[in-house]
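Engineer: In terms of the working numbering, the sequence shown opens at residue 839 and continues consecutively.
Even glycine gets a Cβ: it sits at the ideal position worked out from N, Cα and C.
Here you go, one structure.
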Amino acid sequence: MLEGCRGVVCHADDILVYNEDMHSHNERLCGVLKRLQEEGRLNEKCVFAADNIMFVGHHITAKGVAPDPGKVRAMMEMPEPTGVEGVRRLLGMSNGNMETSSVHLQRPV
839 MLEGCRGVVC
849 HADDILVYNE
859 DMHSHNERLC
869 GVLKRLQEEG
879 RLNEKCVFAA
889 DNIMFVGHHI
899 TAKGVAPDPG
909 KVRAMMEMPE
919 PTGVEGVRRL
929 LGMSNGNMET
939 SSVHLQRPV
């Protein structure tokens with residue numbers, strides 16, 4: 839439904855609309871909202887004009903993108919894996935926070 843829209847990231851039922859300036863952002867946002875309304879997909883959980891958000895395990899601000907501090911803390915406090923199940927748990931937690939291009943880092947594990 840929103841495939842091919844510039845400045846739009848979709849993950850499950852979460853949609854992030856971004857742009858460098860507010861005027862362009864508002865134009866883009868209006869287009870996205872119109873498409874969602876046409877498809878009957880608008881709901882009350884929309885957040886507008888936020889200066890920082892948590893999105894797909896990342897904390898996004900005007901200064902940049904960082905991992906969710908809670909997820910980082912959970913990984914740091916996790917016991918060192920000693921078997922297959924522990925390694926699977928570690929990889930499962932890290933997959934949500936890693937870029938696809940970083941998958942090669944998991945090969946040694």
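Determine the DSSP secondary structure at Val894, reduced to helix, strand or coil.
Structural biologist: In the structure shown, Val894 sits in coil (DSSP, three-state: anything other than H, G, I, E or B).
Engineer: For a quick check, are the C-beta atoms of His863 and Asn857 less than 8 Å apart?
Structural biologist: The answer is yes: Cβ separation under 8 Å.
Engineer: Is Ala912 helix, strand or coil by DSSP?
Structural biologist: In the structure shown, Ala912 sits in a helix (DSSP, three-state: H, G or I).
Engineer: Short of 6 Å in beta carbon distance, which residues of its chain neighbour Asn890, apart from the five on each side in sequence? Order them along the chain.
Structural biologist: Around Asn890: Thr899.
Engineer: Select from Leu871, Val885, Phe886 the residue whose C-alpha is nearest the C-alpha of Met879.
Structural biologist: At residue 879 the sequence reads Arg, which differs from the Met that was named. Cα-wise, what sits closest to Arg879 is Leu871.
Engineer: Hey, could you find the ends of the beta strand (DSSP E) Val855 is sitting in?
Structural biologist: First-last of the beta strand (DSSP E) with Val855: 852-855.
Engineer: Could you please give the first and the last residue of the uninterrupted beta strand (DSSP E) stretch that includes Gly869?
Structural biologist: Where Gly869 is concerned, there is no enclosing beta strand (DSSP E), although the alpha helix (DSSP H) it sits in stretches over 860-876.
Engineer: I'd like the list of long-range same chain contacts for Pro919, defined as Cβ closer than 8 Å, with 5 residues on each side in sequence excluded.
Structural biologist: For Pro919, where only same-chain residues beyond five positions count, the Cβ hits under 8 Å are Val925, Arg927, Leu928.
Engineer: Starting from Val885 and walking both ways along the beta strand (DSSP E), at which residues does that stretch end?
Structural biologist: Note, Val885: premise wrong, no beta strand (DSSP E); not H, not E.
Engineer: List the endpoints of the continuous beta strand (DSSP E) containing Ala904.
Structural biologist: Counting along the chain, the beta strand (DSSP E) containing Ala904 begins and ends at 902-905.
Engineer: Please go through the same chain and pick out, in chain order, the residues whose beta-carbon is closer than 7 Å to the beta-carbon of Gly845, but skip the five residues on each side of it.
Structural biologist: These residues qualify, in order along the chain: Val855, Tyr856, Asn857, Arg866.
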